[in-house]
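Just so we're aligned, residue 907 is where the sequence shown starts under my numbering, counting upward by one.
For each residue, glycine too, the CB sits at the ideal point set by N, CA and C.
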Amino acid sequence: MKNQAIAILLIAAATLAGCKDFFDISNPQTLSTSNFPATMEQVDQLVTAAYAQDHAIGTYAFYWFPMGVWLYDHTTDIYGSYDERATMQDNYTSISSVHLTTTYTDLCKWMKLASTGIEGIEFYREHYGKTDENATLDYDLGQCYFNRALAYWHAQIFFELDPDGLGFAKIDRVISDVEGLKLSRETVRDTWQFMIDDCNKAVELLKGHTEDEFRATEWAAKGLLAKIYMQSLYIFPENRDKVKALLEDIINNSGKHLVSSEIYKDMFFGNEANEHNAESLYELTMTSNSKQDGPWEDYTTGSGMPMVYAPWYVNLDIKFRKGREDKTDPLTLQYDVIISAKSSQWGNNFVHDRNIARFGFWNFYGDTVPRLTFNPDYDYSGKRSLENFPYKINTPNYRAEALALKNDPSKVDPRLMLNAGQPYVDEYIDAKGRTTVYDRSSETNSRPDRLAWQHRKYTNIRGTEMGSGEYGWNESSNCNFYIIRLADIYLLYAELVADEAPATALEYINKVHRRAYGYDPNTACPYDYTSLTARTRAYFDTDPLANNPLRYERWAELFAEGQWWFDLRRYRIGADEAAYYEKTSHGPITWKGDESYVQPIPQLELERNKNIKQSTGYPSI
């Protein structure tokens, strides 16, 4: 039987040899690096793919932002026992973290897709391109270089600080075999230089492309390059004059200006009329889609931000157990309430209490956190409203006194209300379009040591939840994310010139400060800082930002925009910040030194690639 089988194979081999020409015919429809892209439409597909990765679950859809950087820099605290995220809050992320692994993988994909676009465009130019297409191809190429630099900018959360330490692997080509995937990490110095080179190419190739809401422009590339230069000055101090010229170019020639206070107050909440505004150099466009399952798909048109920072609000549709309608007190008989608080999704996170104090507001009732208690004046026969509700705040005059304090700019930074909602005080619109107020979550209701203010920036504050459920669920947000805006550029410029031109630095700090306080950015106002060491709105004298207007303004102005983690790395103030925040709901924050500034290479990557080295302070496998 075996011999018979061999004979059959030999006959088959002979037959194949005789029909060689027939079997060599290739399928022209098959895509490969030897025939794709062959049209300008296909070139555009490659460029679009490079952009798509910023909407991936590991980047802006979910894991990197808002989860990762907000946990690293203590923008947020966590309601429940989310152990994996707790390690991130303690600046020592587990190497097996799903959040970390997904972020790392999607950042690598972002780099890969941008590199594929670069190679594909050059391939098309060489094999199919026409002379009159060169300008368009340069524009497309510039966008891919911009995206690759932007991906590496986000990946720098993994970098060590030593210039000769470990940076990120260089993904600068299309990898065609398994061995090619086994890259080694570059040095920090070489990684920064790679970013600088890419961004300089983007600036040159995007020259003249100054207006496009959805694609990178010359000014977006210059803004990113400025941020890269600033973050890497400790390695390349010789670039100081370059970044100064670049920042002045953006300020003087981009045509950008700080928007009015009215627009500013509404530019983070999905109102399209106030997005892609005169202040924005680059932002990610988000469009909510009820047909998408939140951020769980590979790519989404909207962000999953509200699934993480879903506001808890007082539920106007509270129901009671039969027979308990006139007796239920949520403080003592909370289990008699079928639902006392409503979340627009799961609502895992809340603003870290120390951030509330840093904006100038502190719990003026000491350790007494207001709660809801039974309202004896509730009219069961009347229409349910905030005025006619089964429960009331157990602390008299709390709402009036809190609002009075927050509306006093001599004490509290107005940006507090832009970024956070106070339980039982600040208003929220539910999915039915009704006005209610923020609530404490079911988990923090039993925690009198937590203020539990809700996140507002980039959340659906108008009850525009997308998804299923009786009331709608916050599975998708249409709030655009600002990557680079002029206020950021102003403050970077102030930082750069503070020593040589303190008056100039102070003026640019005050421009941002004035707008936040409702004044013309270019005209002195009663709340101007008088020096670079003036007292800020930080409540505690021991706050490291209490007498540092520059750093305070970067923190307050860009709060919850994913910037502060990069800033505290640049300033090397991680230890001071850890001491200020002191603890999270999981326990004390432990700062381990320079290794706390970096994240580990995920375990999965170490298993796949034996050439990759682990970050300092983390275990190898």
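Can the beta-carbon of residue i be found closer than 8 angstroms to that of residue j?
i, j, result
"Val1504", "Phe1065", "yes"
"Ile1169", "Asn1159", "no"
"Pro1354", "Val1275", "yes"
"Asn1386", "Thr1191", "yes"
"Tyr1433", "Tyr1445", "no"
"Thr965", "Trp1016", "yes"
"Ala1462", "Leu1438", "no"
"Tyr1344", "Tyr1219", "yes"
"Pro1508", "Ile963", "no"
"Asn1183", "Thr982", "no"
"Leu1322", "Phe1280", "no"
"Leu1398", "Leu1153", "yes"
"Pro1296", "Ile1224", "yes"
"Ser1491", "Arg1356", "yes"
"Leu1292", "Thr1342", "yes"
"Ile1495", "Glu1501", "no"
"Gly1161", "Ser1383", "no"
"Tyr1414", "Tyr1425", "no"
"Asp1104", "Tyr1188", "no"
"Trp1471", "Val975", "yes"
"Tyr1045", "Leu1112", "yes"
"Ala967", "Thr1206", "yes"
"Ile1511", "Tyr1010", "Position check: residue 1511 holds Glu in this sequence, whereas Ile was assumed. A contact, by the Cβ cut-off of 8 angstroms."
Can you tell me whether DSSP reads residue i as helix, strand or coil?
i, result
"Leu1322", "helix"
"Gln959", "helix"
"His1258", "coil"
"Gln1328", "coil"
"Ala1462", "helix"
"Ser1209", "strand"
"Lys1516", "coil"
"Trp1268", "coil"
"Arg1095", "helix"
"Ala1452", "coil"
"Pro1494", "strand"
"Trp1218", "strand"
"Thr1342", "strand"
"Asp983", "strand"
"Arg1531", "The question about residue 1531 has no answer here: the residues shown for the chain are numbered 907 through 1527."
"Glu1189", "strand"
"His1419", "helix"
"Thr1279", "strand"
Relative to the alpha-carbon of residue i, which residue among the options has its alpha-carbon at the smallest distance?
i, options, result
"Tyr1058", "Pro1508, Thr993 and Leu1130", "Leu1130"
"Leu1278", "Leu1311, Glu1307 and Arg1346", "Arg1346"
"Asn997", "Ala1484, Tyr1297, Asp960 and Thr1011", "Ala1484"
"Gln959", "Ile1027, Leu1292, Arg1391 and Leu1056", "Leu1056"
"Asp1172", "Ala956, Ile1367 and Ile1389", "Ile1367"
"Asp1155", "Ile1527, Asn1351 and Ala1127", "Ala1127"
"Gly1468", "Asn1300, Phe971 and Asn1145", "Phe971"
"Ala993", "Gly1493, Asp1070 and Leu952", "What sits at residue 993 in the sequence shown is Thr, not Ala. Thr993 has its Cα closest to that of Gly1493, out of Gly1493, Asp1070 and Leu952."
"Thr1165", "Val1149, Ser1186, Phe1175 and Ser940", "Reading off the sequence, residue 1165 comes out as Val, not Thr. Cα-wise, what sits closest to Val1165 is Ser1186."
"Arg1514", "Gly974, Tyr957 and Thr1007", "Thr1007"
"Gln1360", "Asn1325, Tyr957 and Leu1222", "Asn1325"
"Asp1473", "Met1136, Ala1122 and Val1318", "Met1136"
"Leu1222", "Ala1481, Gly1210, Glu1333 and Gly1327", "Glu1333"
"Ser1348", "Pro1217, Asp1118, Glu947 and Ile1157", "Pro1217"
"Pro1069", "Phe1142, His961, Tyr1388 and Asp1394", "Phe1142"
"Ala1061", "Cys1014, Lys1036 and Gln1099", "Cys1014"
"Ile1389", "Glu1401, Gly1523 and Phe1174", "Phe1174"
"Val1080", "Arg1441, Ala1411, Thr1097 and Gly1026", "Gly1026"
"Val1257", "Val1214, Asp1285 and Lys1519", "Val1214"
Using the rule of at least 16 other Cβ atoms within 10 Å of the residue's Cβ for burial, across every protein chain shown, is residue i buried or exposed?
i, result
"Lys1516", "exposed"
"Thr1365", "buried"
"Ile1024", "buried"
"Ala944", "exposed"
"Glu1032", "exposed"
"Pro1408", "exposed"
"Val1004", "exposed"
"Glu1178", "exposed"
"Thr1022", "buried"
"Pro1450", "buried"
"Ile1527", "exposed"
"Ser1352", "exposed"
"Ser1138", "buried"
"Glu947", "exposed"
"Lys1519", "exposed"
**Request:** Evaluate the contact criterion for the region 1070-1082 versus the region 1090-1101: three or more CB pairs, one atom per stretch, below 8 angstroms.
**Result:** yes
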